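Residue numbers (the numbering used here), protein chains in the order written: chain A, 842 to 1045; chain B, 22 to 242; chain C, 30 to 184.
Every residue gets a Cβ at the ideal spot worked out from N, C-alpha and C, and that includes glycine.
Values in this document were obtained by computation on a predicted structure and should not be read as measured data.
Take a look at the structure below.
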Amino acid sequence: DAVSVLPAPQNLSVQSTNMKHLLMWNPVTRPGETVFYCVEYQGEYESLYMSHIWIPSSQCSSTKSLECDVTDDITATVPYNFRVKAMLGSQTSAWSNLEHPFNRNATVLTPPRMEVTEHGLHLVIELEDLGPQFEFLVVYWRREPGAAEHVKVVRSGDIPVHLETMESGAMYCVKAQALVKAIGRHSAFSQPTCVEMQGESLPL
Amino acid sequence: VPCVFCGLPKPTNITFLSINMKNVLHWNPPEGLHGVEVTYTVQYFIYGQKKWLNASKCRSINRTYCDLSVETSDYEHQFYAKVKAIWETRCSEWAETERFYPFLETQVSPPEVALTTGEKSISIALTAPEKWKRNPQDHTVSMQQIYPNLKYNVSVYNTKSRRTWSQCVTNSTLVLSWLEPSTLYCVHVESLVPGPPRLPMPPQKQCISTLEVQTSAWKAK
Amino acid sequence: QEFRFGSCQVTGVVLPELWEAFWTMKNTVQTQDDITSVRLLKPQVLRNVSDAESCYLAHSLLKFYLNTVFKNYHSKIAKFKVLRSFSTLANNFIVIMSQLQPSKDNSMLPISESAHQRFLLFRRAFKQLDTEVALVKAFGEVDILLTWMQKFYHL
């Protein structure tokens, strides 16, 4: 095993937004040299039942980058440990561990971007594609005093979804929030978007 | 005639092709035996039971497929199948499939789609695909009965505006109202079954045009 | 998306993720099982399980898989290069187990006993085999287990 003379990477942290999880650390510098890094993880099962077992990250078994997308490694809503070591030729550093285990239920959920259009008299919404974990709660109403709100769950983003068939000439408003059942949480609502139904007037 | 000497190469790429529980075993002829009159014999095995069973309809056959739908119709079970090549008194080793689980692996075809149109509306009637049955007069079982949470993904394409929207539905009828008159709409429907990833089936596609707007005399009434 | 094993509710598990994980290693794992004449999760173990029984049976089976099957099978998994899929299954089984709280009410004794008999049917078959063989077979039958669990999964 190569002698550990390289310093271990410091300040490991995880930045997670909309279920995309990025592990980051400070660089280990060697003038004129390129230092590589290796990332490994273990879930709660490994740490409970076989703490000596660490799994190589799917994306970063050897990377020059100072960050690693560990989204595909985190596939359960349990605490995950991460560790990183530096590598330079035959030299390797000690492992540096993430100070606190990371659980994906801590991810930051942002209001989803959406596009509301009207096809003739149809209110159609297309939501930002945030990945398979996401569903969206869509609320729409006719913009008039006392109008009732209608609610629909949209299973996936990036596909236009038909909400309702509307009355010509009326103004309708829509807002949406992202839902992630895997962690039992949702984002704040987006700002409402309102569209006026052009469409043809109703036959007499 | 029992084969005496086992020197033939095995059949290759042995696999089940399963659609709506019609389970057909397919294989490729052994390599290097072009122009040779090879026949095949098939056996199957129910995981957890004791012995291999002969596929009665597939003994010394020339074709390279064998319909095992009857033998594998109990979809609570898992199965293996194997085939060997025979030529005169020589034969091959058995070539065996992976463990086959029809309930998880059968492809579910899209539903039957019936479209009827009005001036500004299209109604879509969906009929779940039928499970394979041995005889046409046998009792019909719908794939919906096997997969209670079978869903359909319905995509509607307006050929004039070139826009598509889709809906995931569980029931068998869907009415699209307030469409544009005299416009050709195309409807694509595919079946969605929860569980492991399955080989996709081409969606059912149908197009229909909404009727023209009625004459103005009708409007003045 | 949640499991409802009778009165036991489990959230935070995306079943398609488990399916995908197992499907990645299904053929690798099942090919290792040479004793095809034995099925541990026989139809009688999982057929017609009532909602009330399901929480007890799920708890027993998942606990056995975590503490016995996965724990001892892990050394084989490393060489099959399916560590990641294995980790997905194991960690999600922990999530399910942590939320399964079968009722300890005396009125439920006949039901919990019935579920226990089903579990014993499975475990007896497991113990009749050589340990290594049993581990490989049990792991190869996770598709049977997930198929049964799918019945209690609601979108």
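Just to confirm before moving on: does the CB-CB distance between GLU969 (chain A) and PRO1001 (chain A) stay below 8 angstroms? Translated into positions along the first sequence, residue 969 (chain A) becomes position 128. Translated into positions along the first sequence, residue 1001 (chain A) becomes position 160. Result no, Cβ atoms of GLU969 (chain A) and PRO1001 (chain A) do not sit closer than 8 angstroms.
Give the DSSP-derived three-state secondary structure of ILE167 (chain B) in the structure shown. Residue numbering aside, residue 167 (chain B) sits at position 146 when the second sequence is read from its first letter. Three-state result, ILE167 (chain B): helix.
Is there a Cβ of chain B sitting closer than 8 angstroms to that of ASN77 (chain C), yes or no? Position 48 of the third sequence, counted from the first residue, corresponds to residue 77 (chain C). Cβ-Cβ to chain B under 8 angstroms: no for ASN77 (chain C).
Per-residue burial, LYS156 (chain C) [other beta carbons within 10 Å of its own, 16 or more giving buried]: If you number the third sequence from 1, residue 156 (chain C) lands on position 127. Flag for LYS156 (chain C) reads exposed.
Can you find a CB in chain F that lies within less than 8 angstroms of the CB of LYS905 (chain A)? In summary, chain F is missing from the structure at hand, where the protein chains are A, B and C.
Just to confirm, is the Cβ distance from GLU126 (chain B) to ASN41 (chain B) under 8 angstroms? On the second sequence, residue 126 (chain B) is found 105 positions in, with the first residue counted as 1. On the second sequence, residue 41 (chain B) is found 20 positions in, with the first residue counted as 1. Going by C-beta atoms, GLU126 (chain B) is not nearer than 8 angstroms to ASN41 (chain B).
In whole angstroms, what separates the C-alpha of HIS893 (chain A) from that of LYS926 (chain A)? Counted from its first residue, the first sequence places residue 893 (chain A) at position 52. Counted from its first residue, the first sequence places residue 926 (chain A) at position 85. Rounded to whole angstroms, HIS893 (chain A) to LYS926 (chain A) spans 16 angstroms at the Cα level.
CB of HIS47 (chain B) within 8 angstroms of CB of TYR86 (chain B), strictly: Locating residue 47 (chain B) in the second sequence gives position 26, where the first residue counts as 1. Locating residue 86 (chain B) in the second sequence gives position 65, where the first residue counts as 1. Cβ distance < 8 angstroms, so HIS47 (chain B) and TYR86 (chain B) count as in contact.
Does LYS71 (chain C) have its Cβ less than 8 angstroms from a Cβ in chain B? Numbered from its first residue, the third sequence carries residue 71 (chain C) at position 42. Chain B, which has a Cβ nearer than 8 angstroms to the Cβ of LYS71 (chain C), makes this yes.
With C-beta atoms as the reference, is ARG76 (chain C) less than 8 angstroms away from PHE181 (chain C)? Your numbering for residue 76 (chain C) matches position 47 in the third sequence. Your numbering for residue 181 (chain C) matches position 152 in the third sequence. It is not a contact, given that the beta carbons lie outside the stated cut-off.
How far does the alpha helix (DSSP H) with THR117 (chain C) in it extend, from its first residue to its last? By one-based count along the third sequence, residue 117 (chain C) stands at place 88. Residues 112 to 128.
Between the Cα of CYS207 (chain B) and those of B:ASN192, B:TYR122, B:SER182, B:ARG219, spot the shortest distance and give me the residue it belongs to. Looking up residue 207 (chain B) in the second sequence gives position 186. Comparing Cα positions, the closest option is B:SER182.
Put VAL74 (chain C) into one of helix, strand or coil per three-state DSSP. Numbered from 1 along the third sequence, position 45 holds the residue referred to as residue 74 (chain C). Residue state, collapsed to three classes: helix.
Quick check: PHE151 (chain C) and LEU70 (chain C), are their CB atoms within less than 8 angstroms of each other? The residue given as residue 151 (chain C) occupies position 122 in the third sequence. The residue given as residue 70 (chain C) occupies position 41 in the third sequence. Yes, the Cβ-Cβ distance between PHE151 (chain C) and LEU70 (chain C) is below 8 angstroms.
Integer-rounded CB distance, given that LYS905 (chain A) should sit under 8 angstroms from PHE943 (chain A): The residue given as residue 943 (chain A) occupies position 102 in the first sequence. The residue given as residue 905 (chain A) occupies position 64 in the first sequence. That belief does not hold up - the Cβ atoms of PHE943 (chain A) and LYS905 (chain A) are roughly 23 angstroms apart, past 8 angstroms.
I need the straight-line Cα distance from PRO952 (chain A) to PHE975 (chain A), nearest angstrom please. As a working note, residue 952 (chain A) is residue 111 in the first sequence. As a working note, residue 975 (chain A) is residue 134 in the first sequence. If you take the alpha carbons of PRO952 (chain A) and PHE975 (chain A), they lie about 12 angstroms apart.
What residue ranges within the region 98 to 131 of chain B form continuous beta strand (DSSP E) runs of no fewer than 3 residues, ordered along the chain? 100 to 108, 111 to 113
Compute the Euclidean distance between the alpha carbons of ALA163 (chain C) and LYS71 (chain B), then round it to the nearest angstrom. On the third sequence, residue 163 (chain C) is found 134 positions in, with the first residue counted as 1. On the second sequence, residue 71 (chain B) is found 50 positions in, with the first residue counted as 1. If you take the alpha carbons of ALA163 (chain C) and LYS71 (chain B), they lie about 17 angstroms apart.
For GLN188 (chain B), count neighbouring C-beta atoms within 10 Å of its own C-beta (all shown protein chains included) and say buried if the count is 16 or more, exposed if not. In the second sequence, the residue the question calls residue 188 (chain B) occupies position 167. Per the 10 Å Cβ criterion, buried.
State buried or exposed for HIS941 (chain A), treating a residue as buried only when at least 16 other CB atoms are found within 10 Å of its CB. On the first sequence, residue 941 (chain A) is found 100 positions in, with the first residue counted as 1. HIS941 (chain A) comes out exposed.
ILE995 (chain A): first and last residue of the uninterrupted beta strand (DSSP E) it sits in: Residue numbering aside, residue 995 (chain A) sits at position 154 when the first sequence is read from its first letter. A small fix is needed here, since residue 995 (chain A) is Val in this sequence, not Ile. Here the beta strand (DSSP E) through VAL995 (chain A) covers 990 to 995.
TYR68 (chain B) beta carbon less than 8 angstroms from that of VAL104 (chain B): As a working mapping, residue 104 (chain B) is identified with position 83 in the second sequence. As a working mapping, residue 68 (chain B) is identified with position 47 in the second sequence. Cβ distance not < 8 angstroms, so VAL104 (chain B) and TYR68 (chain B) don't count as in contact.
Between the Cα of GLU956 (chain A) and the Cα atoms of A:LEU1020, A:LEU1004, A:ASP913, which residue gives the shortest distance? Along the first sequence, read from residue 1 onward, the residue named residue 956 (chain A) stands at position 115. Taking only the C-alpha atoms, the option nearest GLU956 (chain A) is A:LEU1004.
Measuring alpha carbon to alpha carbon, tell me which residue in B:LEU29, B:PHE124, B:VAL214, B:ILE145 is nearest PHE37 (chain B). Working through the second sequence from its first residue, we reach residue 37 (chain B) at position 16. Checked all of B:LEU29, B:PHE124, B:VAL214, B:ILE145; the closest Cα to PHE37 (chain B) is B:PHE124.
Cβ closer than 7 angstroms: which chain C residues qualify as neighbours of GLU885 (chain A)? Walking along the first sequence from the start, residue 885 (chain A) turns up at place 44. ASN120, ILE123, listed in chain order.
Which residue spans inside the region 862 to 902 of chain A form an unbroken alpha helix (DSSP H) run of at least 4? 885 to 890
Using alpha carbons as the reference points, say which of C:MET54, C:SER79, C:ILE64, C:SER66 lies closest to MET178 (chain C). Here the question's residue 178 (chain C) lines up with position 149 in the third sequence. The residue with the shortest Cα to Cα distance from MET178 (chain C) is C:SER79.
Exposure of LYS31 (chain B), with buried meaning 16 or more beta-carbon neighbours within 10 Å: Within the second sequence, numbered from 1, the residue matching residue 31 (chain B) stands at position 10. Answer is buried; the Cβ neighbour count reaches 16.
Would you say the region 126 to 142 of chain B touches the region 156 to 163 of chain B, given that touching needs at least three Cβ pairs under 8 angstroms? no
Does the beta carbon of GLN179 (chain C) sit closer than 8 angstroms to a beta carbon anywhere in chain A? To locate residue 179 (chain C), count along the third sequence from 1; it is residue 150. Closer than 8 angstroms: no.
Spell out whether any CB of chain C is found under 8 angstroms from the CB atom of SER899 (chain A). Taking the first residue of the first sequence as position 1, residue 899 (chain A) is located at position 58. Yes, contact with chain C.
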